[in-house]
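Participant:
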Amino acid sequence: MSNFAIEDLVPETGLCTLEIDRAVAYLTLTREDVFNALNIQLISEIISLLEWTKQRSVGERGSLIDSAGNPYLRVIVISGAGKHFCAGADINMMRDAGAKSAEENRADSERLDRLFNSLWAHPCFTIGKVQGVALGGGAGLIACMDHVIVEPRTRIALSEGKLGILPAVIGPYVYRKVGSAEFRRLSMLAGRIGSEESLRVGLVNQLVESL
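For what it's worth, this note's numbering labels the leading residue of the sequence shown as 1442, then goes sequentially.
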(Lines of atoms letter the chains of each structure in order from A and count residues from 1; the text may use other names and numbers.)
(Lines give C-alpha, C1' and ligand atoms only; values in the text may rest on other atoms or scores of the structure.)
Protein backbone atom coordinates (compact mmCIF):
# COMPACT_ATOMS: atom_id res chain seq x y z
CA MET A 1 0.00 0.00 0.00
CA SER A 2 1.25 3.49 -0.84
CA ASN A 3 2.28 5.93 1.87
CA PHE A 4 0.80 8.74 -0.17
CA ALA A 5 -2.64 10.21 -0.69
CA ILE A 6 -5.05 8.69 -3.20
CA GLU A 7 -4.40 11.51 -5.69
CA ASP A 8 -0.69 10.73 -5.50
CA LEU A 9 -0.92 7.15 -6.79
CA VAL A 10 1.88 5.41 -8.63
CA PRO A 11 1.73 5.81 -12.46
CA GLU A 12 -0.09 2.99 -14.24
CA THR A 13 2.23 0.44 -15.81
CA GLY A 14 1.81 -2.83 -17.64
CA LEU A 15 5.32 -4.30 -17.80
CA CYS A 16 6.70 -3.44 -14.37
CA THR A 17 5.37 -2.78 -10.90
CA LEU A 18 6.19 -0.50 -7.99
CA GLU A 19 5.31 -1.30 -4.39
CA ILE A 20 5.96 1.01 -1.45
CA ASP A 21 6.75 -0.19 2.08
CA ARG A 22 7.44 2.81 4.29
CA ALA A 23 10.72 4.36 3.03
CA VAL A 24 11.51 1.52 0.61
CA ALA A 25 10.25 1.17 -2.97
CA TYR A 26 10.29 -2.18 -4.80
CA LEU A 27 10.47 -1.90 -8.60
CA THR A 28 10.01 -5.20 -10.43
CA LEU A 29 10.30 -5.90 -14.16
CA THR A 30 7.46 -8.24 -15.12
CA ARG A 31 8.11 -9.32 -18.73
CA GLU A 32 9.25 -12.71 -17.50
CA ASP A 33 7.95 -14.43 -20.66
CA VAL A 34 10.78 -12.72 -22.59
CA PHE A 35 13.26 -12.64 -19.69
CA ASN A 36 12.39 -9.00 -18.94
CA ALA A 37 13.82 -7.77 -22.22
CA LEU A 38 13.72 -4.00 -22.61
CA ASN A 39 11.28 -2.67 -25.20
CA ILE A 40 10.13 0.92 -25.66
CA GLN A 41 7.13 0.49 -23.36
CA LEU A 42 9.13 -1.05 -20.51
CA ILE A 43 11.89 1.54 -20.83
CA SER A 44 9.32 4.35 -20.71
CA GLU A 45 7.52 2.81 -17.73
CA ILE A 46 10.71 2.40 -15.71
CA ILE A 47 11.64 6.02 -16.45
CA SER A 48 8.24 7.20 -15.21
CA LEU A 49 8.56 5.18 -11.99
CA LEU A 50 12.08 6.43 -11.36
CA GLU A 51 10.86 10.00 -11.81
CA TRP A 52 7.90 9.36 -9.48
CA THR A 53 10.15 7.93 -6.78
CA LYS A 54 12.68 10.73 -7.23
CA GLN A 55 10.01 13.35 -6.57
CA ARG A 56 9.05 11.48 -3.38
CA SER A 57 12.57 10.84 -2.09
CA VAL A 58 14.29 12.18 1.00
CA GLY A 59 17.03 13.58 -1.20
CA GLU A 60 14.60 15.57 -3.33
CA ARG A 61 12.35 16.73 -0.47
CA GLY A 62 15.04 17.45 2.11
CA SER A 63 12.95 15.80 4.81
CA LEU A 64 12.42 12.29 6.20
CA ILE A 65 8.62 12.60 6.38
CA ASP A 66 5.82 14.60 4.82
CA SER A 67 3.38 16.86 6.66
CA ALA A 68 1.17 13.87 7.52
CA GLY A 69 4.05 11.88 8.98
CA ASN A 70 4.46 9.53 6.01
CA PRO A 71 8.10 8.70 5.22
CA TYR A 72 9.68 9.85 2.01
CA LEU A 73 11.63 7.24 0.05
CA ARG A 74 15.22 6.39 0.90
CA VAL A 75 15.80 3.05 -0.89
CA ILE A 76 14.73 1.44 -4.17
CA VAL A 77 15.09 -2.32 -4.66
CA ILE A 78 15.07 -3.36 -8.32
CA SER A 79 14.50 -6.93 -9.47
CA GLY A 80 13.26 -8.96 -12.41
CA ALA A 81 10.42 -11.47 -12.17
CA GLY A 82 11.00 -15.04 -13.29
CA LYS A 83 14.24 -16.88 -14.05
CA HIS A 84 16.28 -13.94 -15.33
CA PHE A 85 16.88 -10.36 -14.28
CA CYS A 86 17.03 -8.79 -17.76
CA ALA A 87 18.05 -10.16 -21.15
CA GLY A 88 18.85 -6.71 -22.57
CA ALA A 89 17.17 -5.05 -25.51
CA ASP A 90 14.11 -6.77 -26.98
CA ILE A 91 15.09 -8.50 -30.21
CA ASN A 92 12.04 -7.04 -31.97
CA MET A 93 13.07 -3.52 -31.00
CA MET A 94 16.55 -4.15 -32.40
CA ARG A 95 15.10 -5.59 -35.61
CA ASP A 96 12.80 -2.60 -36.06
CA ALA A 97 15.74 -0.22 -35.74
CA GLY A 98 16.83 -1.16 -39.25
CA ALA A 99 13.62 0.24 -40.71
CA LYS A 100 13.67 3.48 -38.73
CA SER A 101 15.10 6.83 -39.72
CA ALA A 102 18.25 8.21 -38.13
CA GLU A 103 16.12 10.64 -36.13
CA GLU A 104 13.90 7.85 -34.80
CA ASN A 105 16.89 5.73 -33.81
CA ARG A 106 18.47 8.72 -32.11
CA ALA A 107 15.28 9.27 -30.12
CA ASP A 108 15.29 5.60 -29.06
CA SER A 109 18.93 5.86 -27.95
CA GLU A 110 18.19 9.04 -26.01
CA ARG A 111 15.26 7.33 -24.29
CA LEU A 112 17.49 4.41 -23.29
CA ASP A 113 20.16 6.76 -21.98
CA ARG A 114 17.52 8.62 -20.00
CA LEU A 115 16.65 5.31 -18.33
CA PHE A 116 20.24 4.65 -17.29
CA ASN A 117 20.94 8.23 -16.26
CA SER A 118 17.73 8.40 -14.21
CA LEU A 119 18.84 5.32 -12.30
CA TRP A 120 22.48 6.41 -12.00
CA ALA A 121 21.57 9.85 -10.64
CA HIS A 122 18.62 8.78 -8.49
CA PRO A 123 18.71 10.34 -5.00
CA CYS A 124 17.61 7.08 -3.34
CA PHE A 125 20.06 4.30 -2.52
CA THR A 126 19.47 1.74 -5.26
CA ILE A 127 19.80 -2.00 -4.69
CA GLY A 128 19.68 -4.61 -7.45
CA LYS A 129 18.69 -8.25 -6.92
CA VAL A 130 20.03 -10.10 -9.96
CA GLN A 131 19.32 -13.73 -10.80
CA GLY A 132 19.86 -15.64 -14.03
CA VAL A 133 21.30 -13.47 -16.78
CA ALA A 134 21.83 -9.74 -17.15
CA LEU A 135 22.85 -9.04 -20.73
CA GLY A 136 23.48 -5.81 -22.62
CA GLY A 137 21.03 -3.29 -21.24
CA GLY A 138 20.54 -5.55 -18.22
CA ALA A 139 24.24 -5.15 -17.45
CA GLY A 140 23.74 -1.42 -17.94
CA LEU A 141 21.08 -1.41 -15.23
CA ILE A 142 23.50 -3.20 -12.90
CA ALA A 143 26.20 -0.61 -13.58
CA CYS A 144 23.84 2.20 -12.60
CA MET A 145 22.88 0.85 -9.17
CA ASP A 146 24.60 1.51 -5.85
CA HIS A 147 24.61 -2.04 -4.50
CA VAL A 148 24.05 -5.18 -6.58
CA ILE A 149 23.41 -8.63 -5.11
CA VAL A 150 23.82 -11.77 -7.22
CA GLU A 151 23.47 -15.53 -6.90
CA PRO A 152 26.19 -18.11 -7.70
CA ARG A 153 24.60 -18.90 -11.08
CA THR A 154 24.14 -15.28 -12.18
CA ARG A 155 25.79 -14.47 -15.52
CA ILE A 156 26.47 -10.96 -16.85
CA ALA A 157 27.65 -9.83 -20.28
CA LEU A 158 28.20 -6.72 -22.36
CA SER A 159 26.82 -8.79 -25.19
CA GLU A 160 26.53 -6.09 -27.86
CA GLY A 161 29.88 -7.11 -29.36
CA LYS A 162 28.41 -10.44 -30.46
CA LEU A 163 26.05 -8.45 -32.69
CA GLY A 164 28.88 -6.41 -34.16
CA ILE A 165 28.00 -3.22 -32.29
CA LEU A 166 29.55 -1.31 -29.42
CA PRO A 167 27.90 -1.02 -25.98
CA ALA A 168 27.67 2.71 -26.62
CA VAL A 169 24.66 3.65 -24.49
CA ILE A 170 25.59 1.59 -21.43
CA GLY A 171 29.30 2.26 -21.92
CA PRO A 172 29.70 5.40 -19.77
CA TYR A 173 27.97 3.76 -16.81
CA VAL A 174 29.91 0.48 -16.97
CA TYR A 175 33.13 2.48 -17.44
CA ARG A 176 32.44 4.46 -14.26
CA LYS A 177 31.67 1.27 -12.35
CA VAL A 178 34.62 -0.94 -13.32
CA GLY A 179 37.20 1.41 -14.85
CA SER A 180 38.76 1.69 -18.29
CA ALA A 181 40.69 -1.58 -18.51
CA GLU A 182 37.86 -3.85 -17.38
CA PHE A 183 35.30 -2.02 -19.50
CA ARG A 184 37.44 -2.49 -22.61
CA ARG A 185 38.01 -6.16 -21.83
CA LEU A 186 34.36 -6.94 -21.10
CA SER A 187 33.06 -5.05 -24.13
CA MET A 188 35.55 -6.61 -26.57
CA LEU A 189 35.19 -10.19 -25.31
CA ALA A 190 31.39 -9.83 -25.02
CA GLY A 191 31.17 -13.15 -23.20
CA ARG A 192 29.28 -13.98 -20.04
CA ILE A 193 31.14 -13.69 -16.76
CA GLY A 194 30.12 -15.46 -13.57
CA SER A 195 29.14 -13.99 -10.26
CA GLU A 196 32.59 -14.36 -8.68
CA GLU A 197 34.34 -12.57 -11.54
CA SER A 198 31.64 -9.89 -11.53
CA LEU A 199 32.35 -9.37 -7.84
CA ARG A 200 36.11 -9.27 -8.43
CA VAL A 201 35.95 -6.58 -11.12
CA GLY A 202 33.52 -4.46 -9.11
CA LEU A 203 30.48 -4.81 -11.34
CA VAL A 204 28.49 -6.30 -8.44
CA ASN A 205 28.86 -5.96 -4.68
CA GLN A 206 27.53 -9.03 -2.90
CA LEU A 207 27.21 -12.75 -3.61
CA VAL A 208 24.55 -14.74 -1.72
CA GLU A 209 23.37 -18.33 -1.97
CA SER A 210 19.83 -17.39 -2.91
CA LEU A 211 17.77 -14.27 -3.49
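C-beta atoms are modelled at their ideal positions from N, C-alpha and C, and glycine is treated no differently.
Using only the alpha-carbon positions, how far apart do I1447 and R1617 sit?
Facilitator: Taking the first residue of the sequence shown as 1, we reach residue 1447 at position 6. Taking the first residue of the sequence shown as 1, we reach residue 1617 at position 176. Here I1447 scores only 38 on pLDDT, less than 50, and its place in the model should not be relied on; the value that follows carries that caveat. Those two C-alpha atoms are separated by around 39 Å.
Participant: Under DSSP, the alpha helix (DSSP H) around V1591 begins and ends at which residues?
Facilitator: The residue you call residue 1591 lines up with position 150 of the sequence shown. From DSSP, V1591 is part of no alpha helix (DSSP H) but of the beta strand (DSSP E) over 1588–1591.
Participant: Output the boundary residues of the beta strand (DSSP E) element that contains S1520.
Facilitator: Numbered from its first residue, the sequence shown carries residue 1520 at position 79. Its beta strand (DSSP E) spans residues 1516–1521.
Participant: Grouping DSSP H, G and I as helix and E and B as strand, with all else coil, what is I1541?
Facilitator: Sequence index remark: in the sequence shown, residue 1541 carries index 100 (1-based). One point to set straight first is that residue 1541 is Lys, not Ile, in the sequence displayed. If DSSP states are grouped into helix, strand and coil, K1541 belongs with coil.
Participant: On the three-pair Cβ rule with 8 Å, is the region 1497–1517 touching the region 1464–1472?
Facilitator: yes
Participant: Of the choices I1597, Q1496, G1573, G1578, whose alpha-carbon is the least far from that of R1641?
Facilitator: Residue numbering aside, residue 1641 sits at position 200 when the sequence shown is read from its first letter. Checked all of I1597, Q1496, G1573, G1578; the closest Cα to R1641 is I1597.
Participant: So for Y1614, helix, strand or coil by DSSP?
Facilitator: Indexing the sequence shown from 1 puts residue 1614 at position 173. It is helical.
Participant: From the DSSP output, in three-state form, read off S1651 for me.
Facilitator: Within the sequence shown, numbered from 1, the residue matching residue 1651 stands at position 210. Coil.
Participant: With distances taken Cα to Cα, identify the nearest neighbour of G1632 among L1599, A1575, G1605, G1612.
Facilitator: The residue you call residue 1632 lines up with position 191 of the sequence shown. Minimum Cα distance to G1632 is reached at L1599.
Participant: Would you list the residues sitting across from T1494 in a DSSP beta bridge?
Facilitator: Position 53 of the sequence shown, counting from 1, holds the residue named residue 1494. Answer by DSSP bridge pairing: none, since T1494 is not bridged.
Participant: When DSSP labels each residue in this structure, what does F1476 get in the three-state scheme?
Facilitator: Taking the sequence shown and counting its residues from 1, one reaches residue 1476 at position 35. Of the three classes helix, strand and coil, the one that applies to F1476 here is coil, per DSSP.
Participant: If you reduce the DSSP assignment to three classes, tell me which class L1607 lands in.
Facilitator: Here residue 1607 is taken as the residue at index 166 of the sequence shown, counted from 1. Reduced to three states, the DSSP call for L1607 is coil.
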